[in-house]
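Participant: Protein chains in written order, with the working numbering: chain A, 2 to 229; chain B, 2 to 229.
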DNA sequence: CAATAAAATGAACATGTGTTCACTTTATTG
DNA sequence: CAATAAAGTGAACACATGTTCATTTTATTG
């Protein structure tokens with residue numbers, strides 16, 4: 002007579018019931034544990050986001066994230082397969098909101114000129130409030146996976162600008178030009194005159210400096226697209 | 002009676018002569034060995050420059066440099082105190098020449114407008130010929146020491162542009178503007194529309210694409226400074 | 001040649017950090 | 001409570017790479 006996993010199924014009714022009990026007693030996820038899981042995942046994301054916002058991607062390590070989220074480092078891997086994936090996820094999370102604001106603002110306004118102007122100004126104002134994060138998303142060097150996201154984000158911004166430029170040309174508000182190249186140029190202007198300098202500045206700029214800077218950038222952008 | 006380094010100086014004339022012979026026989030550097038030293042140093046620099054030109058700073062390691070220069074890795078440290086210093090040195094070497102060309106070209110031309118135009122076109126043409134190196138110098142992320150050099154280089158380029166813009170305003174060729182901000186913007190335009198895209202491109206662009214691209218960039222720059 | 005020291009070598013060391021995994025703790029179920 | 005498995009832990013491992021240093025090789029000199 003044969004046994005399976007130590008249970009003699011045929012020879013003894015008691016063994017059979019034990020087997021069934023074992024099967025029924027299996028641990029399963031409940032709503033409560035699922036909620037707890039999400040909570041922990043959220044804590045990890047929050048910790049990573051906080052580190053990136055204040056110190057950029059260079060200041061992030063699995064140990065630091067785990068500590069901030071009050072976890073062991075190994076636990077992070079129960080929620081994200083690798084550091085890259087965690088960073089990439091957090092990058093998308095952080096950039097999505099800002100991109101949506103830009104895209105939305107690009108649709109509001111009487112003329113294309115005003116729409117572009119407001120888009121540039123709005124982005125600049127928000128970037129000044131979160132200089133380290135803006136730099137992390139726009140310009141900071143990171144590993145390949147995150148870098149791909151960064152390239153995509155810059156392209157997404159460029160796409161918003163390209164749409165505006167195309168419309169502007171149709172409306173004869175802007176001169177004829179290669180919309181995609183001009184769009185990239187606007188991203189470059191903003192990155193180089195605003196995001197990068199802000200990330201290096203030690204002190205916050207005054208309100209006066211801020212409006213002068215934004216004014217200059219906005220004028221540059223308008224001239225670049227040949228706005229009347 | 003005391004001995005110094007095994008030589009009994011006072012008790013024995015033979016010991017004294019031995020001491021003098023030892024002193025005279027000392028090995029000294031000759032022209033030949035000095036030349037050899039320079040040769041080796043140059044080999045290290047060439048190897049590093051080659052690696053940076055083809056793979057950027059990310060593709061450089063002391064072992065790789067040593068191998069290319071046909072040396073042991075430890076020997077590199079006879080010539081450079083650290084990897085950072087080697088990279089920083091090579092960075093300066095590579096960027097100095099191009100910066101000089103830009104600075105020189107910015108002085109040539111009938112009008113400020115033409116001078117700026119030619120400067121932008123010249124830089125762009127050269128960047129297209131060495132896309133990986135241009136990217137390494139202008140945009141590639143590296144360690145802090147090299148990063149400082151990169152920031153300085155971008156500022157140096159911006160300074161050239163700022164001088165042109167200031168002159169252009171004086172001549173009423175360009176509109177009134179913050180010269181330093183516009184100058185940074187020009188660097189941003191070129192980096193974002195030319196250097197970064199080129200570094201990502203898999204194939205070389207055709208001559209036709211090249212002239213169209215440079216034309217667009219040049220027009221963008223001229224419009225940005227409000228050139229008549 | 002002998003004495004000397006500079007030059008060269010490369011294995012070993014140091015370091016930082018992402019990742020794993022054997023083990024412990026906790027939650028679930030009848 | 002007993003059985004189960006998911007969740008959690010953190011020390012150990014993996015790996016890349018900059019740097020050191022005891023040792024060997026080479027060049028120089030009378």
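In this text, a Cβ means the ideal position worked out from N, Cα and C, and glycines have one as well.
Please check if any C-beta of chain B sits within less than 8 angstroms of the C-beta of residue 49(A).
Facilitator: It does not; no Cβ of chain B falls within 8 angstroms.
Participant: Distance, Cα to Cα, residue 128(B) vs residue 106(A)?
Facilitator: Between residue 128(B) and residue 106(A), the C-alpha separation is close to 35 angstroms.
Participant: Where does residue 108(B) sit, in a helix, a strand or coil, going by DSSP?
Facilitator: Looking at residue 108(B) - three-state DSSP - the assignment turns out to be coil, as it is neither helix nor strand.
Participant: Under three-state DSSP, which class holds residue 141(A)?
Facilitator: Coil at residue 141(A), not helix or strand.
Participant: Please determine if the region 90-103 of chain B and the region 122-137 of chain B are in contact, where contact requires at least 3 C-beta pairs separated by less than 8 angstroms.
Facilitator: Cβ pair count under 8 angstroms is three or more, so yes.
Participant: Chain A beta carbons: is any one of them nearer than 8 angstroms to that of residue 166(B)?
Facilitator: By this cut-off, residue 166(B) is not an interface position.
Participant: Is the Cβ-Cβ distance between residue 190(B) and residue 221(B) less than 8 angstroms?
Facilitator: Cβ distance < 8 angstroms, so residue 190(B) and residue 221(B) count as in contact.
Participant: Would you kindly report the start and end of the unbroken alpha helix (DSSP H) that includes residue 72(A)?
Facilitator: No alpha helix (DSSP H) contains residue 72(A), which DSSP labels as neither H nor E.
Participant: Assuming residue 197(B) is part of the alpha helix (DSSP H), what are its boundary residues?
Facilitator: 197-201 is the span of the alpha helix (DSSP H), which, as asked, contains residue 197(B).
Participant: If you drop the 5 nearest sequence neighbours on each side, which residues of the same chain put their C-beta closer than 6 angstroms to that of residue 76(A)?
Facilitator: Nothing listed; no residue qualifies.
Participant: Near residue 68(B), which residues of its chain fall below 7 angstroms by C-beta distance, leaving aside the five closest residues on each side in sequence?
Facilitator: Here the set comprises nothing.
Participant: Under a three-way DSSP split, which group does residue 30(B) fall into?
Facilitator: In the structure shown, residue 30(B) sits in coil (DSSP, three-state: anything other than H, G, I, E or B).
Participant: To the nearest angstrom, how far is it from the Cα of residue 23(B) to the Cα of residue 29(B)?
Facilitator: With a pLDDT of only 48 at residue 23(B), under the threshold of 50, the placement of this residue in the model should not be trusted; the figure read from the coordinates follows. Distance between the alpha carbons of residue 23(B) and residue 29(B) is about 13 angstroms.
Participant: Taking the C-alpha atoms as reference points, what is the distance between residue 85(A) and residue 96(B)?
Facilitator: One C-alpha to the other measures close to 33 angstroms.
Participant: Measure from the alpha carbon of residue 45(A) to the alpha carbon of each residue in 98(A), 186(A), 60(A) and 73(A), then state which is nearest.
Facilitator: Of the listed residues, the one whose Cα sits closest to residue 45(A) is 73(A).
Participant: Return the CA-CA distance between residue 155(A) and residue 66(A), expressed in angstroms with no decimal places.
Facilitator: Distance between the alpha carbons of residue 155(A) and residue 66(A) is about 26 angstroms.
Participant: Can you give me the start and stop residues for the alpha helix (DSSP H) that residue 228(A) sits inside?
Facilitator: Note, residue 228(A): premise wrong, no alpha helix (DSSP H); not H, not E.
Participant: To the nearest angstrom, how far is the alpha carbon of residue 148(B) from that of residue 210(A)?
Facilitator: About 27 angstroms.
Participant: Show which residues of chain A have a CB atom less than 7 angstroms away from the CB atom of residue 154(B).
Facilitator: Within 7 angstroms Cβ-Cβ: nothing; residue 154(B) doesn't reach chain A, min ~13 angstroms.
Participant: For residue 121(A), report the span of its alpha helix (DSSP H) as first-last.
Facilitator: That run of the alpha helix (DSSP H) goes 113-130.
Participant: Closest to residue 178(B) by CA distance: which of 214(A), 153(A) and 141(A) is it?
Facilitator: That would be 214(A), whose Cα lies nearest to the Cα of residue 178(B).
Participant: Could you tell me the alpha carbon to alpha carbon distance between residue 138(B) and residue 92(B), rounded to whole angstroms?
Facilitator: Each residue's Cα considered, the two are about 7 angstroms apart.
Participant: Nearest-angstrom Cα distance between residue 224(B) and residue 117(A)?
Facilitator: Whole-angstrom Cα-Cα distance: 16 angstroms.
Participant: With a threshold of 8 angstroms between beta-carbons, can residue 219(A) be considered close to chain B, or not?
Facilitator: Not one chain B Cβ lies under 8 angstroms of residue 219(A).
Participant: For residue 217(A), I'd like the list of residues in its chain whose CB is within less than 6 angstroms of its CB, leaving aside the five on either flank, ordered along the chain.
Facilitator: Hits under 6 angstroms: none found.
Participant: Beta carbons nearer than 7 angstroms to chain A: which residues of the region 185-203 of chain B have them?
Facilitator: Cβ contacts with chain A: 185, 186, 188, 189, 190, 192, 193 and 194.
Participant: Among the residues of its own chain, which have a CB less than 6 angstroms from the CB of residue 42(B), if the five just before and after it don't count?
Facilitator: Once the five neighbours on either side are set aside, the close Cβ partners of residue 42(B) are 80.
Participant: Compute the Euclidean distance between the alpha carbons of residue 114(B) and residue 33(B), then round it to the nearest angstrom.
Facilitator: The straight-line gap from Cα to Cα measures roughly 53 angstroms.
Participant: Is it right to say residue 56(A) is buried, meaning 16 or more other beta carbons lie within 10 angstroms of its own, or is it exposed?
Facilitator: With fewer than 16 Cβ atoms within 10 Å of its Cβ, residue 56(A) is classed as exposed.
Participant: Do you know how far the Cα of residue 133(B) is from the Cα of residue 202(B)?
Facilitator: Residue 202(B) and residue 133(B): Cα-Cα distance of roughly 10 angstroms.
Participant: I want to see whether chain A comes within less than 8 angstroms of residue 180(B), judged by CB atoms only; does it?
Facilitator: Residue 180(B) does not count as touching chain A.
Participant: Which chain A residues sit within Cβ distance under 9 angstroms of residue 116(B)?
Facilitator: By Cβ distance, chain A contributes nothing, its closest Cβ being about 19 angstroms from residue 116(B), past 9 angstroms.
Participant: So, with DSSP's three-state summary, where would you put residue 48(B)?
Facilitator: Helix.
Participant: Between residue 112(B) and residue 174(B), how many whole angstroms is the CB-CB distance? I'm expecting something under 8 angstroms.
Facilitator: About 6 angstroms separates the two Cβ atoms, so the contact holds.
Participant: Can you tell me which of 40(A), 87(A) and 38(A) puts its alpha carbon nearest to the alpha carbon of residue 58(A)?
Facilitator: With distances taken between Cα atoms, residue 58(A) lies closest to 87(A).
Participant: One question on the structure: do residue 136(B) and residue 196(B) come within less than 8 angstroms of each other, judged by their Cβ atoms?
Facilitator: It is a contact, given that the beta carbons lie within the stated cut-off.
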